[in-house]
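*Asks:* In my numbering, the protein residues as written are 2 to 487. Just so you know, even glycine gets a beta-carbon here, dropped at the ideal spot from N, CA and C.
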(Lines of atoms letter the chains of each structure in order from A and count residues from 1; the text may use other names and numbers.)
(Lines give C-alpha, C1' and ligand atoms only; values in the text may rest on other atoms or scores of the structure.)
Protein backbone atom coordinates (compact mmCIF):
# COMPACT_ATOMS: atom_id res chain seq x y z
CA UNK A 1 0.00 0.00 0.00
CA UNK A 2 1.75 3.14 -1.19
CA UNK A 3 1.59 6.03 1.24
CA UNK A 4 3.75 8.59 -0.56
CA UNK A 5 2.08 11.65 -2.03
CA UNK A 6 3.22 12.68 -5.50
CA UNK A 7 1.29 15.92 -5.79
CA UNK A 8 -1.64 14.21 -7.53
CA UNK A 9 -3.62 11.38 -6.06
CA UNK A 10 -2.90 10.36 -2.49
CA UNK A 11 -4.63 8.90 0.54
CA UNK A 12 -6.46 10.63 3.38
CA UNK A 13 -3.21 11.44 5.20
CA UNK A 14 -1.98 13.29 2.12
CA UNK A 15 -5.34 15.04 1.88
CA UNK A 16 -5.20 16.33 5.46
CA UNK A 17 -1.57 17.40 5.05
CA UNK A 18 -2.09 19.36 1.85
CA UNK A 19 -5.70 20.61 1.62
CA UNK A 20 -5.95 23.76 3.72
CA UNK A 21 -9.33 24.94 2.46
CA UNK A 22 -11.92 25.85 5.07
CA UNK A 23 -15.23 24.07 5.35
CA UNK A 24 -16.87 27.09 3.76
CA UNK A 25 -14.56 26.80 0.76
CA UNK A 26 -14.77 23.00 0.54
CA UNK A 27 -17.82 21.58 2.37
CA UNK A 28 -17.66 18.51 4.59
CA UNK A 29 -17.34 15.48 2.33
CA UNK A 30 -17.14 11.71 2.41
CA UNK A 31 -13.35 12.06 2.53
CA UNK A 32 -13.63 14.06 5.77
CA UNK A 33 -15.92 11.33 7.09
CA UNK A 34 -13.33 8.64 6.36
CA UNK A 35 -10.70 10.74 8.16
CA UNK A 36 -12.83 10.81 11.32
CA UNK A 37 -13.81 7.16 10.93
CA UNK A 38 -10.13 6.19 10.84
CA UNK A 39 -9.46 8.30 13.94
CA UNK A 40 -12.16 6.31 15.75
CA UNK A 41 -9.84 3.27 15.70
CA UNK A 42 -7.56 5.07 18.16
CA UNK A 43 -7.95 3.81 21.72
CA UNK A 44 -8.31 7.16 23.40
CA UNK A 45 -6.38 7.93 26.60
CA UNK A 46 -7.96 8.62 29.98
CA UNK A 47 -7.80 12.40 29.52
CA UNK A 48 -10.63 12.22 26.96
CA UNK A 49 -14.11 12.94 28.38
CA UNK A 50 -16.12 9.74 28.63
CA UNK A 51 -19.61 9.16 27.37
CA UNK A 52 -22.48 10.51 29.41
CA UNK A 53 -20.48 12.06 32.25
CA UNK A 54 -22.04 15.49 31.65
CA UNK A 55 -25.45 16.88 30.76
CA UNK A 56 -24.12 18.41 27.56
CA UNK A 57 -21.57 17.08 25.08
CA UNK A 58 -18.14 17.02 26.73
CA UNK A 59 -15.03 17.22 24.53
CA UNK A 60 -11.38 18.27 24.44
CA UNK A 61 -9.10 19.52 21.64
CA UNK A 62 -7.94 16.73 19.33
CA UNK A 63 -4.42 18.17 19.54
CA UNK A 64 -4.43 17.20 23.23
CA UNK A 65 -4.26 13.53 22.24
CA UNK A 66 -0.67 14.03 21.13
CA UNK A 67 0.30 15.31 24.56
CA UNK A 68 -0.86 12.05 26.13
CA UNK A 69 2.06 10.29 24.39
CA UNK A 70 0.72 6.85 25.26
CA UNK A 71 1.03 5.77 21.65
CA UNK A 72 1.55 1.99 22.14
CA UNK A 73 -1.81 1.78 23.94
CA UNK A 74 -3.56 4.23 21.60
CA UNK A 75 -2.44 2.53 18.39
CA UNK A 76 -2.93 -1.17 19.02
CA UNK A 77 -3.65 -2.73 15.62
CA UNK A 78 -1.81 -5.93 14.73
CA UNK A 79 -0.11 -4.18 11.82
CA UNK A 80 2.72 -1.78 12.67
CA UNK A 81 2.21 -0.06 9.32
CA UNK A 82 -1.43 0.61 10.14
CA UNK A 83 -0.47 1.95 13.58
CA UNK A 84 2.18 4.22 12.07
CA UNK A 85 -0.18 5.55 9.41
CA UNK A 86 -2.94 6.28 11.93
CA UNK A 87 -0.44 8.18 14.07
CA UNK A 88 0.56 10.15 10.97
CA UNK A 89 -3.12 10.92 10.41
CA UNK A 90 -3.62 12.15 13.97
CA UNK A 91 -0.56 14.42 13.72
CA UNK A 92 -1.76 15.75 10.37
CA UNK A 93 -5.24 16.49 11.75
CA UNK A 94 -3.81 18.29 14.80
CA UNK A 95 -1.66 20.48 12.53
CA UNK A 96 -4.21 21.03 9.76
CA UNK A 97 -5.78 24.49 9.37
CA UNK A 98 -8.95 22.70 8.24
CA UNK A 99 -9.29 20.47 11.32
CA UNK A 100 -7.29 22.43 13.89
CA UNK A 101 -10.33 23.59 15.88
CA UNK A 102 -11.86 20.11 16.17
CA UNK A 103 -12.59 18.54 19.54
CA UNK A 104 -13.27 14.94 20.57
CA UNK A 105 -15.03 13.33 23.49
CA UNK A 106 -17.96 11.23 24.67
CA UNK A 107 -15.70 8.20 24.36
CA UNK A 108 -16.94 4.73 25.17
CA UNK A 109 -15.38 1.34 24.55
CA UNK A 110 -16.62 -2.10 25.43
CA UNK A 111 -15.16 -5.54 24.77
CA UNK A 112 -17.40 -8.24 26.22
CA UNK A 113 -16.60 -11.83 25.32
CA UNK A 114 -19.69 -13.17 27.10
CA UNK A 115 -22.00 -11.05 24.96
CA UNK A 116 -19.73 -11.34 21.90
CA UNK A 117 -19.56 -7.57 21.63
CA UNK A 118 -16.78 -5.23 20.47
CA UNK A 119 -18.05 -1.66 20.52
CA UNK A 120 -16.51 1.80 20.62
CA UNK A 121 -17.76 5.27 19.74
CA UNK A 122 -16.66 8.87 20.01
CA UNK A 123 -18.03 12.26 19.02
CA UNK A 124 -16.15 14.97 17.15
CA UNK A 125 -17.25 18.60 17.62
CA UNK A 126 -16.35 20.73 14.59
CA UNK A 127 -18.11 23.96 15.62
CA UNK A 128 -14.78 25.81 16.02
CA UNK A 129 -13.39 24.67 12.67
CA UNK A 130 -13.23 27.56 10.22
CA UNK A 131 -16.23 27.65 7.90
CA UNK A 132 -18.42 25.19 9.81
CA UNK A 133 -20.85 27.81 11.10
CA UNK A 134 -21.20 29.24 7.60
CA UNK A 135 -22.13 25.79 6.35
CA UNK A 136 -24.27 24.48 9.21
CA UNK A 137 -25.42 27.47 11.23
CA UNK A 138 -24.55 28.72 14.70
CA UNK A 139 -24.97 25.28 16.26
CA UNK A 140 -22.13 23.87 14.19
CA UNK A 141 -21.61 20.18 13.45
CA UNK A 142 -21.18 17.03 15.51
CA UNK A 143 -19.81 13.88 13.88
CA UNK A 144 -20.62 10.63 15.67
CA UNK A 145 -18.07 7.95 14.75
CA UNK A 146 -18.47 4.24 15.41
CA UNK A 147 -15.34 2.10 15.39
CA UNK A 148 -15.17 -0.75 12.92
CA UNK A 149 -13.94 -4.25 13.52
CA UNK A 150 -10.55 -4.58 15.13
CA UNK A 151 -8.24 -7.53 14.60
CA UNK A 152 -9.61 -9.56 17.50
CA UNK A 153 -11.48 -12.82 17.06
CA UNK A 154 -14.22 -11.31 19.26
CA UNK A 155 -14.67 -8.40 16.87
CA UNK A 156 -14.95 -10.64 13.84
CA UNK A 157 -17.33 -12.98 15.68
CA UNK A 158 -19.80 -10.15 16.21
CA UNK A 159 -19.51 -9.30 12.52
CA UNK A 160 -20.38 -12.86 11.56
CA UNK A 161 -23.23 -12.88 14.06
CA UNK A 162 -24.90 -10.28 11.85
CA UNK A 163 -25.51 -13.10 9.36
CA UNK A 164 -28.15 -14.67 11.63
CA UNK A 165 -29.06 -11.96 14.12
CA UNK A 166 -30.12 -8.36 13.85
CA UNK A 167 -29.66 -6.40 15.99
CA UNK A 168 -26.39 -7.56 17.49
CA UNK A 169 -25.35 -5.91 20.79
CA UNK A 170 -23.17 -3.26 19.13
CA UNK A 171 -26.01 -2.15 16.86
CA UNK A 172 -28.23 -1.65 19.90
CA UNK A 173 -25.46 0.20 21.72
CA UNK A 174 -24.92 2.41 18.68
CA UNK A 175 -28.59 3.38 18.58
CA UNK A 176 -28.61 4.26 22.25
CA UNK A 177 -25.35 6.18 21.95
CA UNK A 178 -26.66 8.27 19.04
CA UNK A 179 -29.93 8.89 20.86
CA UNK A 180 -28.06 10.24 23.87
CA UNK A 181 -25.82 12.50 21.76
CA UNK A 182 -28.83 13.93 19.92
CA UNK A 183 -30.71 14.42 23.16
CA UNK A 184 -27.92 16.06 25.16
CA UNK A 185 -26.83 18.32 22.29
CA UNK A 186 -30.34 19.65 21.70
CA UNK A 187 -29.62 22.73 23.80
CA UNK A 188 -32.22 24.98 25.35
CA UNK A 189 -35.65 25.42 23.78
CA UNK A 190 -35.40 28.01 21.04
CA UNK A 191 -31.64 27.61 20.70
CA UNK A 192 -29.97 26.28 17.57
CA UNK A 193 -28.87 22.68 17.99
CA UNK A 194 -25.86 21.42 16.04
CA UNK A 195 -26.32 19.41 12.89
CA UNK A 196 -25.25 15.79 13.23
CA UNK A 197 -23.50 13.42 10.87
CA UNK A 198 -22.94 9.76 11.65
CA UNK A 199 -20.45 7.36 10.16
CA UNK A 200 -17.93 4.61 10.43
CA UNK A 201 -15.70 2.22 8.55
CA UNK A 202 -16.42 -1.51 8.21
CA UNK A 203 -18.78 -2.62 10.99
CA UNK A 204 -18.83 1.01 12.14
CA UNK A 205 -20.60 1.96 8.91
CA UNK A 206 -23.24 -0.70 9.49
CA UNK A 207 -23.81 0.59 13.02
CA UNK A 208 -24.11 4.16 11.75
CA UNK A 209 -26.87 3.17 9.31
CA UNK A 210 -28.67 1.08 11.91
CA UNK A 211 -28.55 3.82 14.56
CA UNK A 212 -29.77 6.49 12.13
CA UNK A 213 -32.67 4.32 10.99
CA UNK A 214 -33.64 3.78 14.61
CA UNK A 215 -33.76 7.55 15.12
CA UNK A 216 -36.00 7.86 12.07
CA UNK A 217 -38.18 5.11 13.50
CA UNK A 218 -38.64 7.16 16.64
CA UNK A 219 -39.81 10.15 14.71
CA UNK A 220 -42.17 8.13 12.54
CA UNK A 221 -43.41 5.82 15.28
CA UNK A 222 -42.62 2.98 12.85
CA UNK A 223 -40.97 0.96 15.62
CA UNK A 224 -41.43 1.09 19.37
CA UNK A 225 -38.34 2.40 21.16
CA UNK A 226 -39.19 3.40 24.70
CA UNK A 227 -39.44 0.81 27.45
CA UNK A 228 -42.85 -0.16 28.69
CA UNK A 229 -43.99 0.66 32.18
CA UNK A 230 -42.29 -2.41 33.62
CA UNK A 231 -38.91 -1.37 32.25
CA UNK A 232 -38.65 -4.35 29.88
CA UNK A 233 -37.10 -3.46 26.55
CA UNK A 234 -39.51 -3.75 23.64
CA UNK A 235 -36.97 -3.04 20.91
CA UNK A 236 -37.86 -5.19 17.88
CA UNK A 237 -35.63 -7.54 15.99
CA UNK A 238 -35.31 -6.95 12.28
CA UNK A 239 -35.01 -10.71 11.89
CA UNK A 240 -36.02 -12.31 15.16
CA UNK A 241 -33.65 -15.25 15.27
CA UNK A 242 -32.13 -14.90 18.73
CA UNK A 243 -32.53 -17.76 21.17
CA UNK A 244 -35.38 -16.22 23.13
CA UNK A 245 -36.70 -13.70 20.62
CA UNK A 246 -36.32 -10.70 22.89
CA UNK A 247 -33.72 -8.30 24.25
CA UNK A 248 -32.77 -7.82 27.86
CA UNK A 249 -33.48 -4.52 29.59
CA UNK A 250 -33.21 -2.89 32.98
CA UNK A 251 -34.87 -0.18 34.96
CA UNK A 252 -33.17 3.16 35.21
CA UNK A 253 -32.53 4.87 38.50
CA UNK A 254 -32.69 8.66 38.50
CA UNK A 255 -28.99 9.18 39.16
CA UNK A 256 -27.69 6.54 36.79
CA UNK A 257 -24.86 7.51 34.49
CA UNK A 258 -24.44 6.50 30.88
CA UNK A 259 -23.01 3.15 29.97
CA UNK A 260 -23.47 0.55 27.29
CA UNK A 261 -24.47 -2.45 29.34
CA UNK A 262 -27.31 -4.02 27.39
CA UNK A 263 -27.37 -6.88 29.88
CA UNK A 264 -27.42 -4.83 33.05
CA UNK A 265 -23.79 -5.31 34.07
CA UNK A 266 -22.14 -2.46 35.89
CA UNK A 267 -19.71 -1.56 33.11
CA UNK A 268 -16.74 -0.73 35.33
CA UNK A 269 -14.29 -2.02 32.72
CA UNK A 270 -15.81 -0.12 29.84
CA UNK A 271 -13.93 3.22 30.01
CA UNK A 272 -17.17 4.90 31.09
CA UNK A 273 -17.27 7.09 34.17
CA UNK A 274 -19.79 6.07 36.80
CA UNK A 275 -20.92 7.91 39.87
CA UNK A 276 -23.85 9.64 41.53
CA UNK A 277 -24.65 12.82 39.66
CA UNK A 278 -27.98 13.18 41.38
CA UNK A 279 -31.33 13.44 39.71
CA UNK A 280 -30.27 15.69 36.85
CA UNK A 281 -32.37 13.96 34.25
CA UNK A 282 -29.51 12.97 31.97
CA UNK A 283 -29.66 9.21 32.73
CA UNK A 284 -28.34 8.14 29.33
CA UNK A 285 -28.29 4.40 29.93
CA UNK A 286 -27.34 2.74 26.67
CA UNK A 287 -28.14 -0.60 28.22
CA UNK A 288 -31.80 0.14 28.84
CA UNK A 289 -34.69 0.87 26.57
CA UNK A 290 -35.35 4.07 28.53
CA UNK A 291 -32.82 6.84 28.04
CA UNK A 292 -34.24 9.05 30.73
CA UNK A 293 -34.61 12.21 28.67
CA UNK A 294 -36.64 10.79 25.84
CA UNK A 295 -40.13 11.84 26.91
CA UNK A 296 -41.03 14.08 24.01
CA UNK A 297 -43.87 15.66 25.95
CA UNK A 298 -41.35 17.02 28.47
CA UNK A 299 -38.88 18.45 25.99
CA UNK A 300 -40.97 20.37 23.51
CA UNK A 301 -41.57 19.82 19.81
CA UNK A 302 -38.29 21.41 18.73
CA UNK A 303 -36.39 18.63 20.51
CA UNK A 304 -38.54 15.69 19.46
CA UNK A 305 -37.33 15.28 15.89
CA UNK A 306 -34.23 13.11 16.15
CA UNK A 307 -33.71 12.17 12.51
CA UNK A 308 -34.29 15.71 11.26
CA UNK A 309 -30.92 16.76 12.70
CA UNK A 310 -29.04 13.92 10.99
CA UNK A 311 -27.76 15.46 7.77
CA UNK A 312 -25.85 12.47 6.36
CA UNK A 313 -24.87 8.93 7.26
CA UNK A 314 -21.58 7.51 5.98
CA UNK A 315 -20.83 3.81 5.58
CA UNK A 316 -17.28 3.18 4.40
CA UNK A 317 -17.17 -0.43 3.19
CA UNK A 318 -19.70 -1.40 5.83
CA UNK A 319 -21.73 -4.61 5.48
CA UNK A 320 -25.48 -4.52 5.03
CA UNK A 321 -28.22 -6.32 6.92
CA UNK A 322 -29.54 -9.91 6.78
CA UNK A 323 -32.70 -8.59 5.17
CA UNK A 324 -33.64 -5.11 4.01
CA UNK A 325 -35.23 -2.96 6.69
CA UNK A 326 -38.64 -2.73 5.08
CA UNK A 327 -39.99 0.21 7.00
CA UNK A 328 -40.88 3.84 6.55
CA UNK A 329 -37.92 4.64 8.80
CA UNK A 330 -35.44 2.94 6.49
CA UNK A 331 -36.90 4.64 3.43
CA UNK A 332 -36.80 8.00 5.20
CA UNK A 333 -33.10 7.64 6.02
CA UNK A 334 -31.87 5.77 2.92
CA UNK A 335 -31.54 8.92 0.80
CA UNK A 336 -29.12 10.37 3.37
CA UNK A 337 -26.82 7.33 3.39
CA UNK A 338 -23.54 7.78 1.52
CA UNK A 339 -22.00 4.33 1.07
CA UNK A 340 -18.53 3.96 -0.42
CA UNK A 341 -16.65 0.76 -1.20
CA UNK A 342 -13.28 0.01 -2.84
CA UNK A 343 -12.99 -1.83 -6.16
CA UNK A 344 -12.21 -5.16 -4.50
CA UNK A 345 -14.80 -4.78 -1.75
CA UNK A 346 -15.79 -7.96 0.05
CA UNK A 347 -16.91 -6.69 3.47
CA UNK A 348 -19.03 -3.86 2.08
CA UNK A 349 -20.94 -6.19 -0.23
CA UNK A 350 -21.84 -8.71 2.45
CA UNK A 351 -25.59 -8.92 3.07
CA UNK A 352 -26.20 -6.42 0.30
CA UNK A 353 -29.36 -4.55 1.29
CA UNK A 354 -29.78 -2.59 -1.91
CA UNK A 355 -28.40 0.74 -0.73
CA UNK A 356 -26.66 2.58 -3.60
CA UNK A 357 -22.88 2.73 -3.33
CA UNK A 358 -19.97 4.52 -4.95
CA UNK A 359 -16.88 2.56 -5.92
CA UNK A 360 -13.50 4.06 -4.99
CA UNK A 361 -10.06 3.45 -6.47
CA UNK A 362 -7.56 1.97 -4.01
CA UNK A 363 -3.86 1.25 -4.34
CA UNK A 364 -3.85 -1.96 -2.27
CA UNK A 365 -4.44 -5.47 -3.61
CA UNK A 366 -7.49 -7.65 -3.03
CA UNK A 367 -9.05 -7.71 0.40
CA UNK A 368 -6.39 -5.28 1.69
CA UNK A 369 -8.38 -2.56 -0.07
CA UNK A 370 -10.69 -2.74 2.92
CA UNK A 371 -8.13 -0.56 4.71
CA UNK A 372 -9.37 3.02 4.30
CA UNK A 373 -5.81 4.31 4.11
CA UNK A 374 -5.51 2.78 0.63
CA UNK A 375 -8.44 4.72 -0.83
CA UNK A 376 -7.40 7.32 -3.36
CA UNK A 377 -8.18 11.04 -3.00
CA UNK A 378 -7.71 13.88 -5.46
CA UNK A 379 -8.67 17.53 -4.95
CA UNK A 380 -10.49 16.69 -1.75
CA UNK A 381 -12.74 14.01 -3.25
CA UNK A 382 -12.52 10.26 -3.70
CA UNK A 383 -11.27 9.03 -7.06
CA UNK A 384 -14.12 7.08 -8.59
CA UNK A 385 -13.61 3.63 -10.15
CA UNK A 386 -15.79 2.32 -12.99
CA UNK A 387 -17.15 -0.48 -10.83
CA UNK A 388 -16.40 -3.46 -8.65
CA UNK A 389 -13.73 -5.89 -9.78
CA UNK A 390 -14.81 -9.26 -11.16
CA UNK A 391 -13.26 -10.95 -8.12
CA UNK A 392 -15.25 -8.79 -5.70
CA UNK A 393 -18.47 -9.38 -7.60
CA UNK A 394 -17.91 -13.14 -7.57
CA UNK A 395 -16.95 -13.24 -3.89
CA UNK A 396 -19.92 -11.12 -2.86
CA UNK A 397 -22.43 -13.13 -4.85
CA UNK A 398 -20.98 -16.42 -3.60
CA UNK A 399 -21.12 -15.48 0.09
CA UNK A 400 -24.55 -13.88 -0.18
CA UNK A 401 -25.88 -16.91 -2.07
CA UNK A 402 -24.56 -19.16 0.70
CA UNK A 403 -26.33 -17.03 3.30
CA UNK A 404 -29.61 -17.11 1.39
CA UNK A 405 -29.33 -20.86 0.95
CA UNK A 406 -29.01 -21.72 4.62
CA UNK A 407 -31.51 -20.91 7.34
CA UNK A 408 -30.49 -18.62 10.25
CA UNK A 409 -30.27 -21.48 12.76
CA UNK A 410 -27.76 -23.35 10.58
CA UNK A 411 -25.86 -20.11 9.91
CA UNK A 412 -25.48 -19.62 13.64
CA UNK A 413 -24.28 -23.19 14.12
CA UNK A 414 -21.60 -22.87 11.44
CA UNK A 415 -20.42 -19.47 12.68
CA UNK A 416 -20.24 -20.63 16.30
CA UNK A 417 -18.22 -23.66 15.21
CA UNK A 418 -15.81 -21.53 13.19
CA UNK A 419 -15.30 -19.20 16.15
CA UNK A 420 -14.65 -22.13 18.49
CA UNK A 421 -12.14 -23.62 16.07
CA UNK A 422 -10.08 -20.45 15.64
CA UNK A 423 -10.30 -19.71 19.37
CA UNK A 424 -8.94 -23.15 20.24
CA UNK A 425 -5.26 -22.06 20.37
CA UNK A 426 -6.15 -19.43 23.01
CA UNK A 427 -5.05 -16.29 21.15
CA UNK A 428 -7.11 -13.07 20.97
CA UNK A 429 -6.49 -11.96 17.41
CA UNK A 430 -5.61 -13.15 13.93
CA UNK A 431 -2.33 -11.31 14.35
CA UNK A 432 -1.45 -13.41 17.39
CA UNK A 433 -2.47 -16.55 15.52
CA UNK A 434 -0.11 -15.58 12.73
CA UNK A 435 2.71 -14.73 15.12
CA UNK A 436 2.43 -18.12 16.83
CA UNK A 437 1.37 -20.10 13.78
CA UNK A 438 3.58 -23.11 14.52
CA UNK A 439 1.51 -23.90 17.62
CA UNK A 440 -1.76 -22.26 16.55
CA UNK A 441 -2.20 -24.10 13.27
CA UNK A 442 -2.12 -27.64 14.72
CA UNK A 443 -4.66 -26.61 17.38
CA UNK A 444 -6.97 -25.13 14.74
CA UNK A 445 -6.73 -28.23 12.56
CA UNK A 446 -7.30 -30.59 15.49
CA UNK A 447 -10.42 -28.65 16.54
CA UNK A 448 -11.69 -28.68 12.97
CA UNK A 449 -11.35 -32.45 12.63
CA UNK A 450 -14.20 -32.93 15.12
CA UNK A 451 -16.72 -31.00 12.97
CA UNK A 452 -18.72 -31.99 9.91
CA UNK A 453 -17.33 -31.95 6.38
CA UNK A 454 -18.94 -28.65 5.38
CA UNK A 455 -17.45 -26.83 8.38
CA UNK A 456 -14.03 -28.33 7.63
CA UNK A 457 -14.26 -27.02 4.08
CA UNK A 458 -15.03 -23.53 5.39
CA UNK A 459 -12.04 -23.69 7.75
CA UNK A 460 -9.84 -24.81 4.86
CA UNK A 461 -11.03 -21.83 2.86
CA UNK A 462 -10.14 -19.43 5.67
CA UNK A 463 -6.68 -21.00 6.08
CA UNK A 464 -6.08 -20.78 2.35
CA UNK A 465 -6.88 -17.05 2.42
CA UNK A 466 -4.79 -16.21 5.48
CA UNK A 467 -1.38 -16.07 3.74
CA UNK A 468 -2.70 -13.20 1.62
CA UNK A 469 -3.91 -11.25 4.64
CA UNK A 470 -2.92 -11.75 8.27
CA UNK A 471 -0.29 -14.39 7.47
CA UNK A 472 1.05 -12.79 4.31
CA UNK A 473 4.57 -12.43 5.70
CA UNK A 474 4.80 -16.01 6.93
CA UNK A 475 5.48 -19.30 5.14
CA UNK A 476 2.51 -20.59 3.17
CA UNK A 477 0.23 -22.96 5.02
CA UNK A 478 1.08 -26.35 3.53
CA UNK A 479 -1.50 -27.29 0.91
CA UNK A 480 -1.44 -30.85 2.19
CA UNK A 481 -2.74 -29.64 5.57
CA UNK A 482 -5.53 -27.64 3.94
CA UNK A 483 -6.48 -30.55 1.70
CA UNK A 484 -6.72 -32.81 4.74
CA UNK A 485 -9.65 -30.74 5.99
CA UNK A 486 -11.65 -30.81 2.79
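CB-CB under 6 Å to residue 71, same chain, minus the five flanking residues each way: which ones, in chain order?
*Replies:* 46
*Asks:* State the start and end residues of the unbroken beta strand (DSSP E) segment that holds residue 343.
*Replies:* 338 to 343
*Asks:* What are the uninterrupted segments assigned as alpha helix (DSSP H) that are 4 or more residues long and contained completely in the stretch 353 to 435, given in chain order?
*Replies:* 391 to 405, 409 to 424
*Asks:* Suppose you measure from the CA of residue 25 to the CA of residue 356; what does that come to, to the nearest Å?
*Replies:* 29 Å
*Asks:* Buried or exposed: which applies to residue 456, given that a residue is buried once 16 or more other Cβ atoms fall within 10 Å of its Cβ?
*Replies:* buried
*Asks:* Which residue marks the beginning of the alpha helix (DSSP H) containing residue 446, and which one marks its end?
*Replies:* Element bounds for residue 446: 438 to 449.
*Asks:* Alpha carbon to alpha carbon, how far is residue 318 from residue 368? Give it in angstroms, no decimals.
*Replies:* 11 Å
*Asks:* Using a threshold of 9 Å, state whether the C-beta atoms of residue 320 and residue 207 are closer than that.
*Replies:* Result yes, Cβ atoms of residue 320 and residue 207 sit closer than 9 Å.
*Asks:* Relative to the C-alpha of residue 62, which candidate in 39, 315, 92, 402 has its C-alpha closest?
*Replies:* 92
*Asks:* State the start and end residues of the unbroken beta strand (DSSP E) segment that holds residue 61.
*Replies:* 60 to 62
*Asks:* Less than 9 Å between CB atoms is the rule here; does residue 395 satisfy it with respect to chain C?
*Replies:* Absence of chain C from the displayed structure is noted, only one protein chain being present.
*Asks:* Can you tell which of 204, 311, 156 has the C-alpha that lies nearest to the C-alpha of residue 347?
*Replies:* 204
*Asks:* If you drop the 5 nearest sequence neighbours on each side, which residues of the same chain put their C-beta closer than 6 Å to that of residue 188?
*Replies:* 194
*Asks:* So, is residue 395 buried or exposed, given that buried needs 16 or more other C-beta atoms within 10 angstroms?
*Replies:* exposed
*Asks:* Secondary structure at residue 17, three-state DSSP: helix, strand or coil?
*Replies:* Helix.
*Asks:* How many angstroms separate the CA atom of residue 386 from the CA atom of residue 353?
*Replies:* 19 Å
*Asks:* Note down the Cα distance separating residue 430 from residue 155, rounded to an integer number of angstroms.
*Replies:* 8 Å
*Asks:* Along the chain, where does the beta strand (DSSP E) that runs through residue 109 open and close?
*Replies:* 104 to 113
*Asks:* Is the beta carbon of residue 114 sitting closer than 9 Å to the one on residue 147?
*Replies:* no
*Asks:* So what does DSSP say about residue 144, is it helix, strand or coil?
*Replies:* Shown here, residue 144 sits in a strand according to DSSP, grouped into three states.
*Asks:* At what residues does the beta strand (DSSP E) containing residue 311 begin and finish?
*Replies:* 311 to 317
*Asks:* Over the uninterrupted beta strand (DSSP E) stretch that includes residue 217, give me the two end residues.
*Replies:* Element bounds for residue 217: not the beta strand (DSSP E) but the alpha helix (DSSP H), 204 to 221.
*Asks:* Would you give the residue range spanned by the beta strand (DSSP E) that residue 126 belongs to?
*Replies:* 118 to 126
*Asks:* Does DSSP put residue 456 in a helix, in a strand, or in coil?
*Replies:* helix
*Asks:* Our contact map puts residue 143 next to residue 182 with C-beta atoms below 8 Å; I'd like the distance itself, whole angstroms only.
*Replies:* 7 Å
*Asks:* From 169, 35, 10, pick the residue whose C-alpha is nearest to that of residue 125; which is it?
*Replies:* Of all alpha-carbon atoms in 169, 35, 10, the one lying nearest the alpha-carbon of residue 125 is that of 35.
*Asks:* Consult DSSP for residue 198 and reduce its assignment to one of helix, strand or coil.
*Replies:* strand
*Asks:* Are the CB atoms of residue 112 and residue 120 within a distance shorter than 9 Å?
*Replies:* yes
*Asks:* Can you give me the start and stop residues for the alpha helix (DSSP H) that residue 24 sits inside?
*Replies:* From DSSP, residue 24 is part of no alpha helix (DSSP H); its letter is neither H nor E.
*Asks:* Residue 315 and residue 31 look like a contact to me (Cβ under 8 Å); what is the Cβ gap, rounded to whole Å?
*Replies:* 6 Å
*Asks:* Report the rounded CA-to-CA distance for residue 351 versus residue 123, giving the unit in angstroms.
*Replies:* 25 Å
*Asks:* Are three or more beta carbon pairs between the stretch 401 to 419 and the stretch 432 to 444 nearer than 8 Å?
*Replies:* no
*Asks:* Tell whether a beta-carbon distance below 9 Å holds between residue 313 and residue 341.
*Replies:* No, these two residues do not count as a Cβ contact at 9 Å.
*Asks:* Please state if the CB of residue 87 and the CB of residue 74 are separated by a distance shorter than 9 Å.
*Replies:* no
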